[in-house]
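Q: Going by our numbering, the first residue of the sequence shown is number 11, and it counts up by one from there. Beta carbons are placed, not taken as given, at the ideal position from N, Cα and C, and that holds for glycine.
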Amino acid sequence: MRDIRTLTDLRVLAAERGGIIPTYRLRGAGYGPYLISELRRRGTLLRVRQGWYALPGTPEETMQAARVGGQLTCHDALRRHGVWVIPDARLHVALPAHAVRPRDPDDHRRRRDPTSTALVLHWRGTSAIVDRPIASVADALADLERCGPFESFAVALDSALHLGLVTAELELAQRHAATGVIGLCESGIETLFWLRLPALRRRIRRQVLIPGVGRVDFLIGSRLVVEVDGREHHTSPDAFERDRARDAHLARLGYRVVRFSYRQIMHEWGTVAVTVSLLVAQGEHRARRGMPLASAK
11 MRDIRTLTDL RVLAAERGGI IPTYRLRGAG YGPYLISELR RRGTLLRVRQ GWYALPGTPE
71 ETMQAARVGG QLTCHDALRR HGVWVIPDAR LHVALPAHAV RPRDPDDHRR RRDPTSTALV
131 LHWRGTSAIV DRPIASVADA LADLERCGPF ESFAVALDSA LHLGLVTAEL ELAQRHAATG
191 VIGLCESGIE TLFWLRLPAL RRRIRRQVLI PGVGRVDFLI GSRLVVEVDG REHHTSPDAF
251 ERDRARDAHL ARLGYRVVRF SYRQIMHEWG TVAVTVSLLV AQGEHRARRG MPLASAK
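1. Can you tell me which residues form a DSSP beta bridge with W62?
2. Do the CB positions of A76 and R59 come within less than 8 Å of each other?
3. If you draw a straight line from the alpha carbon of L129 to that of I192, how long is it in whole angstroms?
4. Answer with yes or no whether the minimum CB distance from G190 to chain D is below 8 Å.
5. According to the Cβ coordinates, are R262 and E237 closer than 8 Å?
6. Our contact map puts A78 next to P112 with C-beta atoms below 8 Å; I'd like the distance itself, whole angstroms only.
7. Quick one: using the 10 Å Cβ neighbour count with 16 as the cut-off for buried, is Y34 buried or exposed?
8. How is Q292 classed by DSSP in three states: helix, strand or coil?
9. At the level of alpha carbons, what is the spacing between G231 and L210?
10. So is Q81 buried or exposed if we call it buried at 16+ other beta carbons inside 10 Å?
11. Mind checking whether A148 and L180 have CB atoms under 8 Å apart?
12. Per the DSSP calculation, R122 is bridged to which residue(s)?
13. Pick from C157, F203 and G240: whose alpha carbon is nearest that of T281?
14. Let's test the definition: count the other Cβ atoms within 10 Å of the Cβ of T127 and tell me whether it reaches 16, buried, or not, exposed.
15. Ignoring anything shorter than 3 residues or poking outside the stretch 84-128, list the beta strand (DSSP E) runs there in chain order.
16. Apart from the five residues just before and just after E26, which ones in its own chain have a Cβ nearer than 8 Å to its Cβ?
17. Starting from the Cα of L118, find the closest Cα among Q74, R215, L105 and D98 and give me that residue.
18. When burial is assigned at 16 or more other CB atoms within 10 Å of the CB, is E251 buried or exposed?
Right under this line is the structure:
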């Protein structure tokens, strides 16, 4: 029973700071040096670096940021908050301005290798970040804006706005509202499609309601429907069939439908851009007589 209570208490302490427990919180909760050592020996507590501990199962990137001596930020933090981000294999860590000896993300006993490109440091003017191992959505977006490229930032901002994790009143969101990044797209892969076709942007509407069908991802002109499938999108046979039935219904109403996958948007963009441009050049976006009117979101 004591072990169960101990584990419950530790989970509460870990939840306070996103999975990382400072020594002073353990001491304040009644865990003396001997008990901490015993919990480490049994594998109940993991020492991340001097003065900081974690529970087994804590995400490795969170522990790596703590080993460096800072806070998980940028792509890594946003992904933890559920924001759609373009994959980035690098570890992004925010450090207070006074930090002078960042450590290796895999071994806190070693100083970081300044020649390594696997770790990106974001310097902040406050020391408070060490109290929270994961940056807030707003702070992580601000770091990502500075880190770039713009496309990665815009995709994350659009996702955060769509999910309601930040609001349009956020100063950072206001500065970029004129670009059309206002949270309309339902996934990052849709935002990428929108961003990468600036020449057609005036003709493209997002999340358009078509009577009898529902919302489509994009409507170019009055007739060309573009659906963009995410990486995890519709993996079941039933969902696949529903999509095809939906496409057939759109065709019966007079719409021209084209569908692109995550892989095509991310890794074969040239083909996607040429396909859309050719369809527009052929007039496939122009309305046919008798077509129903679509409504913007």
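A: The relevant details are as follows:
1. If you number the sequence shown from 1, residue 62 lands on position 52. According to DSSP, W62 bridges with P32 and R59.
2. As a first step, residue 76 must be located in the sequence shown, where it is residue number 66. As a first step, residue 59 must be located in the sequence shown, where it is residue number 49. Going by C-beta atoms, A76 is nearer than 8 Å to R59.
3. Position 119 of the sequence shown, counting from 1, holds the residue named residue 129. Position 182 of the sequence shown, counting from 1, holds the residue named residue 192. Rounded to whole angstroms, L129 to I192 spans 30 Å at the Cα level.
4. In the structure shown, chain D cannot be found, because there is only a single protein chain.
5. Residue mapping note: residue 262 aligns to position 252 of the sequence shown, counting from 1. Residue mapping note: residue 237 aligns to position 227 of the sequence shown, counting from 1. No, they are not a contact pair.
6. Walking along the sequence shown from the start, residue 78 turns up at place 68. Walking along the sequence shown from the start, residue 112 turns up at place 102. Note on residue identity: the sequence assigns Val, not Ala, to residue 78. Rounded, the Cβ-Cβ distance is 5 Å, consistent with contact.
7. For the purposes of this step, residue 34 is identified with residue 24 of the sequence shown, where counting begins at 1. Exposed, since its Cβ has fewer than 16 Cβ neighbours within 10 Å.
8. Position 282 of the sequence shown, counting from 1, holds the residue named residue 292. Q292: coil per DSSP, three-state reduction.
9. Translated into the one-based positions of the sequence shown, residue 231 becomes position 221. Translated into the one-based positions of the sequence shown, residue 210 becomes position 200. About 9 Å.
10. Working through the sequence shown from its first residue, we reach residue 81 at position 71. Buried, since its Cβ has 16 or more Cβ neighbours within 10 Å.
11. Here the question's residue 148 lines up with position 138 in the sequence shown. Here the question's residue 180 lines up with position 170 in the sequence shown. Cβ distance < 8 Å, so A148 and L180 count as in contact.
12. Counting from 1 along the sequence shown, the entry for residue 122 is found at position 112. DSSP output for R122 lists no bridge partner at all.
13. On the sequence shown, position 271 is the one that residue 281 refers to. Considering only alpha carbons, the answer is F203.
14. Taking the sequence shown and counting its residues from 1, one reaches residue 127 at position 117. So T127 ends up on the exposed side.
15. 101-106 and 117-121
16. For this step, residue 26 is matched to residue 16 along the sequence shown. Result list for E26: R35, in chain order.
17. Numbered from 1 along the sequence shown, position 108 holds the residue referred to as residue 118. The question names Leu, yet the displayed sequence has His at residue 118. Minimum Cα distance to H118 is reached at Q74.
18. To locate residue 251, count along the sequence shown from 1; it is residue 241. Exposed.
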